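The sequence shown begins at 764 in the numbering used here and counts up by one.
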Amino acid sequence: MILHIMDQLPNAFFNVEVHELEEVFSGPSLVRLKGKVNPPLFVATLLHGNETTGILALQKLLKQYVDKELPRSLTLFIGNVEAAKFHQRKMPDQPDYNRIWSGPDSSHETLQEHVLAEKVMTTVSREGIFATIDIHNTSGWNPHHACVNVLNKENINLGGLFAQNLVYFTRPRGVLAKAFAEIGPAVTIEAGLPGDLFGVEHVVSFISRCLDLSSIPESVDNISELNLYHSVARLKVPGNSRVGFDRECNSTDFCFMSDLDALNFSELPENAVIGWRGNPNLKLSVKDESGREVGESFIYYEKEEIRLKRPVVPSMFTTDVQIVHQDCLGYFMERYALTGN
Ligand SMILES: [Zn+2]
C-alpha cells in the first residue's frame, strides 16, 4: 500500500465532495504545507470514511490560504478515501484505520495498513510535530468533545481549547492520537454528527487557533468548567445477534430506544433501564480497558430489562446497527477530578 506524499494541495481538493476525494488522492496521503514557523501542526482526518467534518473544515480553512502563507506549517494525513467513496467507516476487507497505529496485536499478522501507519509516523516525526489533532465524527449524537489517551497538562490544555468535555481512554489500542502522544501533545476531536454545519465551523476555528499558537498554553482559562471523564467499559453485542431500535424490536435479540444516543454524556442513576433483551440466552459484552469481562459489575437483567448496577455516564452510544456490529454499542464513563496541576 503506497503512502502518497505531496507538498501542495491539488486544486481539485477544493471542488470535490468527500465521497469524490479518491479522484484527488489515489489512496492514503500526506500533504506537507509550508508555513511561517515550524514544526508543523499535524492534522489527521477521514480515518473513518463516513466522517466528513474534517475534510469539510480543511476545505473551508485552507481556501483562505490558497495565495497566502500559513501562520505555521501544516501536515495533513488524509486517511480512508476508499471507504469515503462508499460512505462507509471502513471497507469490509479493511482494518479500522484508527486501530492500526501501534502495530498488530500479538495474535494477529502485520497488515499493509500497519506498515502504512508506521511510514506516516516516521515521515511526520522526522520534522518534529507541534501538536497532533485527529478529527472525527460520532455516529450518534454526542456533545463536541476531545479525547486524550495520555493524561498530561499539554494534552488536556490542547483538548480544552476545543471543548469543555474531555474523555480519557487507553483502549481500544492502535488509536492514532495515542501513538502520536509519544511524540508531542495529541488529541482526537469528536465534532458531532458527520457534516453538521456547527461542527465544521467549530473545527475551522479550532484548527486556525492552533495554527496561530506559539505554544500549547500552560494553563487553561476554563479549567473549572472542564469535565474530564474516564472511559471504563466498552459495550458490544454478541457477533450474530439481531439488534433493533424501538419499532423494529419485535423479533430482535436486543432492543434499545430509538434515541438511545440522547443519553450520551448524561449522568444515569443506578437501576436505570438502558434496553431490553429479547433472547435470554444472550448477554451484552461489557469489557474494561484491559479486555476483562465486567458486565456483572455494571449491568443486570430483570425480566427483559437491561438495567444499570451503578451510576455511569454513557458516551458514543449509537443507533446505527452497522456501527454497533463493526465497532461497539457505546461506552460507560466515570467522572475524574481535575486539579490545576
Ligand atoms: Zn471516527
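Ideal placement from N, C-alpha and C gives every residue a C-beta, glycine not left out.
Please read these numbers as outputs of a predicted model, since none were measured by experiment.
Here DSSP, grouped into helix, strand and coil, assigns residue 897 to strand. In the DSSP assignment, residue 963 falls outside any beta strand (DSSP E) and within the unbroken alpha helix (DSSP H) covering 960-975. If you check the CB distance, residue 912 and residue 1079 do not come in under 9 angstroms. Of the residues 1029, 948 and 1039, the one whose Cα lies closest to the Cα of residue 1021 is 1039. The beta carbon of residue 900 sits closer than 8 angstroms to at least one heavy atom of ligand 1. In chain order, 767 and 841 place their CB closer than 6 angstroms to the CB of residue 792, counting only its own chain and leaving out the 5 sequence neighbours on each side. Rounded to the nearest angstrom, the gap between the Cα atoms of residue 961 and residue 772 is 25 angstroms. The closest heavy atom of ligand 1 lies 8 angstroms or more from the beta carbon of residue 871. CA-CA distance, residue 1068 to residue 1046, rounds to 12 angstroms.
Excluding the 5 residues flanking it on each side, residue 1051 has same chain C-beta neighbours closer than 7 angstroms at 995, 996 and 1057, in chain order.
Rounded to the nearest whole angstrom, the C-alpha separation of residue 1033 and residue 1065 is 14 angstroms. In this structure, the C-beta of residue 924 stays at least 8 angstroms away from each heavy atom of ligand 1. Each of 1095, 1001 and 940 was checked against the Cα of residue 1089, and the nearest Cα belongs to 1001. Distances from the CB of residue 784 to the heavy atoms of ligand 1 are all 8 angstroms or more.
When 861, 837 and 830 are compared, the shortest CA-CA separation from residue 972 is found for 837.
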